[in-house]
Structure formats: C-alpha cells, structure tokens
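Enquirer: Here the sequence shown is numbered in my numbering, starting from 203 and rising by one per residue. Every residue, glycine too, gets a C-beta built ideally from N, C-alpha and C. The structure presented is a predicted model; accordingly, all values stated were derived computationally and were not measured.
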Amino acid sequence: MQPLYELTIHELNGLLKKKEIKSVDITKSYIDRIKKIDPVINSYLSIDPERAMDDAKMADTVIEKTSDGDFPELTGIPLSIKDIYLMKDTKTTCASKILENFNSPYDSTVIKKLKENNFVFLGKTNMDEFAMGSSTENSAFKITKNPWDTSRVPGGSSGGSAAGVSAGLCAGSFGTDTGGSIRQPASLCGVVGLKPTYGIISRYGIIAFSSSLDQAGPIAKDVLDCAILLKSVAGYDKNDHTSRKFEIKDYPELVRKAGKSIIKGLKIGFPVEFFSEGLEKDVYKKIMDVKELFKDLGAQTIDISLPDTSYSIAAYYVIATSEASSNLERYDGIRYGYRFIDDKNKTGDLNELFVNSRTKGFGKEVKRRIMLGTFALSAGYYDAYYKKASLVRKLIIKNYKDAFNKVDMIAGPTSPTAAFLIGEKMIDPLSMYLSDIYTISINLAYLPAMSIPVGITGENSSSASKLPVGMQIIAPWLAEDKMLCVAKVIEDTVGFAEKYKPPLHESFFDEGKGRTADMADRSANIK
Ligand code: GLN
Numbered sequence: 203m204q205p206l207y208e209l210t211i212h213e214l215n216g217l218l219k220k221k222e223i224k225s226v227d228i229t230k231s232y233i234d235r236i237k238k239i240d241p242v243i244n245s246y247l248s249i250d251p252e253r254a255m256d257d258a259k260m261a262d263t264v265i266e267k268t269s270d271g272d273f274p275e276l277t278g279i280p281l282s283i284k285d286i287y288l289m290k291d292t293k294t295t296c297a298s299k300i301l302e303n304f305n306s307p308y309d310s311t312v313i314k315k316l317k318e319n320n321f322v323f324l325g326k327t328n329m330d331e332f333a334m335g336s337s338t339e340n341s342a343f344k345i346t347k348n349p350w351d352t353s354r355v356p357g358g359s360s361g362g363s364a365a366g367v368s369a370g371l372c373a374g375s376f377g378t379d380t381g382g383s384i385r386q387p388a389s390l391c392g393v394v395g396l397k398p399t400y401g402i403i404s405r406y407g408i409i410a411f412s413s414s415l416d417q418a419g420p421i422a423k424d425v426l427d428c429a430i431l432l433k434s435v436a437g438y439d440k441n442d443h444t445s446r447k448f449e450i451k452d453y454p455e456l457v458r459k460a461g462k463s464i465i466k467g468l469k470i471g472f473p474v475e476f477f478s479e480g481l482e483k484d485v486y487k488k489i490m491d492v493k494e495l496f497k498d499l500g501a502q503t504i505d506i507s508l509p510d511t512s513y514s515i516a517a518y519y520v521i522a523t524s525e526a527s528s529n530l531e532r533y534d535g536i537r538y539g540y541r542f543i544d545d546k547n548k549t550g551d552l553n554e555l556f557v558n559s560r561t562k563g564f565g566k567e568v569k570r571r572i573m574l575g576t577f578a579l580s581a582g583y584y585d586a587y588y589k590k591a592s593l594v595r596k597l598i599i600k601n602y603k604d605a606f607n608k609v610d611m612i613a614g615p616t617s618p619t620a621a622f623l624i625g626e627k628m629i630d631p632l633s634m635y636l637s638d639i640y641t642i643s644i645n646l647a648y649l650p651a652m653s654i655p656v657g658i659t660g661e662n663s664s665s666a667s668k669l670p671v672g673m674q675i676i677a678p679w680l681a682e683d684k685m686l687c688v689a690k691v692i693e694d695t696v697g698f699a700e701k702y703k704p705p706l707h708e709s710f711f712d713e714g715k716g717r718t719a720d721m722a723d724r725s726a727n728i729k
C-alpha cells in the first residue's frame, strides 16, 4: 500500500469513513515524514507533534461516534498553516524577528472553522517576512527548498506551504495571496493553489500586508482537495469588514461530477500579454500543449488582450507598499513583539526606541517596502502615486470585465519561469518582482484564479532540470465553482500527479544535496 502521507485528503477521508484507518495512523505517518524530510526541505517554522496526536485522537473519537461517515471531510486530516494566521496558543511570527515571540491571542476565523471541522494541526509553515516576496528567501529564520530540486526556491511567499504539500509533509495547507503568493509557489512546486474572489474567505486574524489585495486560500495535492479546503473555510464573517455575503456552493460535489463535457463550447481566452518577453520556452510549450488540449475537448480558444497588463506591477507596488506601510505601523516595540533595549539609551527617548526596534526587528525587504509606501502616501506625492495607481487599478478591472464579455474563462502561465535557483534573484529586487507578472493583476481586479501543474521542463534533455510548470486559470468574480470544474477536467486529462513526482526517495537523501543544474543552460532557455 502507498504510504499514507502520499494520499489526498479525499482518499484519506474515504479510508476514514470505511474505518480502515485511524487519524492517529495518518498523523503518525506525517510526523515521521516531517522528522525525516523536513530537515532538508525546511517547510515548517514550528511543529507540534504532541498536539497533532491529541487532535488526531479527538478526531478518531468523533469518527467512532458518527454513523455512516457523516462527519466533516476534514475530520482527522493533518494540515499545515502559513505562519501568518493567528491560532490561539501558537506563536505567529510572520517569519519576522519583530514577531519572533508573539503568541496568538485568539483564533483567526479560518482556524476557527478548521477546528469546527476537526482538522489535525501539524504546524506553521515558513514564508517571506510579512508575505513580502516570491521565493521565501525573505524569511528571517530559514530558507525553504524546492522538493523537485533543493538548489532551487519553492516560490513565495507561501513557499513553506507549497513545498510541504509537494513533499508529503502535510495533506494540505493554507496560504495567503496578495499578488500571487499562493499560485506562484504552487506552480513552482507542482501542486494546486487557489486564490478566491476577494472577500469570500475571512481575513479576520490573518496578519495584514495589503488589505485591499490580501486573500486567504488553499494549497493542495489536487483540485478536489482544493475544493474541499475552500468549502470548509469560505463564508461571510461579521468580524471582517471586507467580507462578502454570497452563496457558498458545494464545490467538492460539483468537482466530483465534472466531466469532459463541461469544456465543450466553453470560450477560453489566452491573453497575448501573458506570452511575451521573459517567458521560459518550456513553460510556453507546456501551456500551448494545454491550449491544444482545450481544443480537443471542444473548447474555443481565443487570443484576447488585457491591454493594461504592463502597468500592473507598477500599480501593485505602489498600492501594496502604501497599505503595508500603514498596516505595519503597529509594530512599534511598545504594543507588539520585539523591543530593542539598549543600556545606552539612558534618556529613555521614545522615538529612539521606535526607530531601533523597527530597524532591528524588520528585515531588508520589509523596510524597503515601508519606505516606498510611506513615500507614496506622503503629502504632495499622494496624487502622483497612490491616486494614479488606484486609477490604473480601475483600468485593469475594466480590462478583465471586457475580456469576460468575450470569454468564459482565461488561461495562461502562472509564472514566467519554473523554479529559479536560491540566491538567483536576491540581488535584484526588480527581477524578483517580475515573478508575479501574470498573477498580480488578478488581485488588483479582486478576481479568483488558481494554478494547476500541467507538465515539467527539460523533458527531452537528460541534463536539464525537471521542474513543474503551472497553468493559471482565471474566472469571473465568484465563479470558483466553474473554475474548479475546468481545472479538474484538465488535471484528469494531463495526469500530472500520475506521471511525475519530486525526487524525494532514499538515494536523494543519501546524496544529501539533491540535484543541481547549470544556470547558464537555463538562461539560454528564456524566450
Ligand atoms: N510577490 C509579491 C510581493 O512580494 C506578492 C506577495 C504576496 O502575494 N503575498 O508583494
């Protein structure tokens, strides 16, 4: 039998329902796997095996008491959580020194709902500090490795979650996505990640980065798992002023029923702007293969234009940094987290305490963004930057509205390249910012989108790295149900999970370092 850590949530749920296994068995399988593999991958910032086993025992009691398997699908399923979600009695660090010893005073709504579903909490995952980044290298604590090639990044900022799902270190995970932080790491790690319509998952108790863009969402082994995770946490929440009243559909049920016939007659738009300079050749090829597949399944593929795409990065970095500079004001060394105590500061100068605590507590990228945002919001510059960026945001929303008048769904690459080397983009923040070129405009337009793995790079070469390629599917507002169904059909037709697996076998660990690749070789491969 396959090891339990390799099974999907729905497969595990099936076995639990038939009483063929217990949650304690599943949980133990994950804990053993974490102990063995995570010292190499670094998916987790903290784990709590004892608590996980207690959760599992409680879930087993619920299962035993319920007849006919009538318990929530997440009952007894071990999940990991990005370290940006408050969870009572756990530390929530946001991968920042400034929150290194911060204990969550209450449960975020997502955690509250997961607890109501009897999930098993494995631990908190690594991320870019305050979710700012695309590689998880901005964590103050550790660097997460990509399970497909440990010399490469898992993407970011939810890189710990995506690497964990990919390496079998949790059955599923929750991340956050402000400009691509669920979809891009899911793409780079060969797993499924979904960023829902703005407002359908409560942000209450999730540390804020950029409030008009942040959304929570699941990262999972397959599309059905993603639907299960989404359904268990979606819904209106009075504690979140940006929460939205809407009808929660039975996403898993719809996904289970989705057959090839749903693609027939669908109009799928491929934005020309998503296939321009900087797109890796193998990524391009794989997306084109899926375009053909859509045609074979009876869809109409249409080349469309989102003409203002080229302004989205600039608009995003003004809006996101402005909101971040305001959201991060609260970390002042007084109310939260790290306080710089210096014996030399005998005068007790308050301003000095603020400045020193923030200077020493925040990392480089976070400070860069606070400075950018503070500048963009300052008197005399507000109109030139923040207001302008908000106007561009309106144009981008209009681009998508116009597009969805012509097509039912939009598809393209999730990320311009497959996983890049650790350190490759750290010296050049602008090149790092470009990793989100295809994901950022979706957050600006409040839309739902997801990434699913559709192939690997270097298939025809023995020396090139074999790295996952993700395709992004973008849907109109609140059309998560249709998006998930389309994704499911593509997933079944491509059969990625059956064909490819990250190389985390025994010999991989004997070698101790994973595969390496020739950087020059890969840059020659950029379009
Ligand atoms: N990479 C983008 C940034 O650094 C997006 C981050 C995110 O989605 N949290 O802002």
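Tell me whether Ser336 counts as near the ligand GLN, meaning its Cβ is closer than 7 Å to at least one heavy atom of that ligand.
Expert: yes
Enquirer: Measure the C-alpha to C-alpha separation of Ser310 and Thr295 and round it to an integer number of angstroms.
Expert: Distance between the alpha carbons of Ser310 and Thr295: 14 Å.
Enquirer: Taking the alpha-carbon positions, what's the Leu686 to Ile521 distance?
Expert: 29 Å
Enquirer: For a test of the three-state rule: what should DSSP assign to Lys440, helix, strand or coil?
Expert: coil
Enquirer: Considering Lys238, what are the terminal residues of the alpha helix (DSSP H) in which it resides?
Expert: Ser225 to Ile243
Enquirer: Name the residue from Asp630, Thr346, Leu206 and Glu252 whose alpha carbon lies nearest to the alpha carbon of Tyr246.
Expert: When only C-alpha atoms are compared, the closest one is Thr346.
Enquirer: Is the beta carbon of Phe273 less than 8 Å from the beta carbon of Asn320?
Expert: Cβ distance < 8 Å, so Phe273 and Asn320 count as in contact.
Enquirer: Considering only residues of the same chain and omitting the five flanking positions on each side of Glu213, which have a CB-CB separation below 8 Å?
Expert: none
Enquirer: Can Asp498 be considered in contact with the ligand GLN, in the sense that its beta carbon sits closer than 7 Å to one or more heavy atoms?
Expert: For Asp498, the CB stays at least 7 Å from every heavy atom of the ligand GLN.
Enquirer: Alpha carbon to alpha carbon, how far is Lys638 from Leu206?
Expert: In the sequence under discussion, the amino acid at residue 638 is Asp, which differs from the Lys named in the question. The straight-line gap from Cα to Cα measures roughly 34 Å.
Enquirer: Any heavy atom of the ligand GLN closer than 7 Å to the CB of Phe577?
Expert: no
Enquirer: Quick check on Met652: buried or exposed, where buried means 16 or more other Cβ atoms within 10 Å of its Cβ?
Expert: buried
Enquirer: Cβ of Ile211 within 8 Å of Cβ of Ile283?
Expert: no
Enquirer: Kindly confirm or deny that the segment 477-496 and the segment 437-456 touch, where touching means at least three C-beta pairs closer than 8 Å.
Expert: no
Enquirer: Using only CA atoms, which one of Ile612, Ile409, Ile658 and Val457 lies nearest to Trp679?
Expert: Ile612
Enquirer: From what residue to what residue does the beta strand (DSSP E) around Tyr246 run?
Expert: Tyr246 to Ile249
Enquirer: With a 10 Å radius around its C-beta and 16 neighbouring C-beta atoms as the bar for buried, classify Ser174 as buried or exposed.
Expert: Because the chain in this structure spans residues 203 to 729, residue 174 falls outside the shown range and cannot be described.
Enquirer: What does the Cβ neighbour count give for Gly697, buried or exposed, with the cut at 16 atoms within 10 Å?
Expert: exposed
Enquirer: Once the 5 residues before and after Tyr533 are set aside, which same chain residues still bring their CB inside 7 Å of it?
Expert: Ile300, Gly539, Arg560 and Gly563
Enquirer: Spatial neighbours of Tyr648 within its chain, please: C-beta separation below 8 Å, excluding the five flanking residues on both sides.
Expert: Thr399, Tyr400, Gly401, Ile599 and Trp679
Enquirer: For Gly714, does the three-state DSSP call read helix, strand or coil?
Expert: With a pLDDT of 45 at Gly714, under the threshold of 50, the predicted position of this residue should be treated as unreliable, and no value is reported.
Enquirer: Give me the DSSP bridge partner(s) of Gln674.
Expert: Gly614 and Ser653.
Enquirer: Consider the C-beta atom of Thr378 and the heavy atoms of the ligand GLN; say whether any pair is separated by less than 7 Å.
Expert: yes
Enquirer: Nearest to Ile489 by alpha carbon, out of Pro618, Leu468, Asp452 and Met573?
Expert: Pro618
Enquirer: In the structure shown, what three-state DSSP assignment does Lys221 receive?
Expert: coil
Enquirer: In whole angstroms, give me the CA-to-CA distance for Asp351 and Val393.
Expert: 15 Å
Enquirer: Could you check the C-alpha separation between Asn270 and Leu218 for me, to the nearest Å?
Expert: Checking the displayed sequence, the identity of residue 270 turns out to be Asp instead of Asn. Approximately 11 Å, taken between the alpha carbons.
Enquirer: Using 8 Å as the Cβ pair cut-off and three pairs as the minimum, do the segment 629-636 and the segment 454-468 touch?
Expert: no
Enquirer: Quick one: measure Cβ to Cβ for Leu396 and Leu432, integer angstroms, because I've assumed they're closer than 8 Å.
Expert: Right, the Cβ-Cβ distance comes to about 6 Å (below 8 Å), so this counts as a contact.
Enquirer: Kindly indicate the opening and closing residues of the beta strand (DSSP E) around Phe730.
Expert: Coverage of the chain is limited to positions 203 through 729, which leaves residue 730 absent and any answer about it impossible.
Enquirer: Can you say whether Ile536 is buried or exposed, counting buried as having 16 or more other CB atoms within 10 angstroms of its CB?
Expert: exposed
Enquirer: Does the structure place the segment 666-681 close enough to the segment 420-432 that three or more beta carbon pairs sit under 8 Å?
Expert: no
Enquirer: Using a threshold of 7 Å, is the CB atom of Ala342 nearer than that to any non-hydrogen atom of the ligand GLN?
Expert: Checking every heavy atom of the ligand GLN against the Cβ of Ala342, none is found closer than 7 Å.
Enquirer: For Gln204, name the three-state secondary structure that DSSP assigns.
Expert: coil
Enquirer: Buried or exposed, going by whether 16 or more other CB atoms sit within 10 Å of the CB of Ala734?
Expert: The structure shown does not extend to residue 734, since the chain is modelled only from 203 to 729, so the question has no answer here.
Enquirer: Check whether the segment 354-361 touches the segment 246-263, counting contact only when three or more Cβ pairs, one atom from each stretch, lie closer than 8 Å.
Expert: Contact fails: fewer than three Cβ-Cβ distances are below 8 Å.
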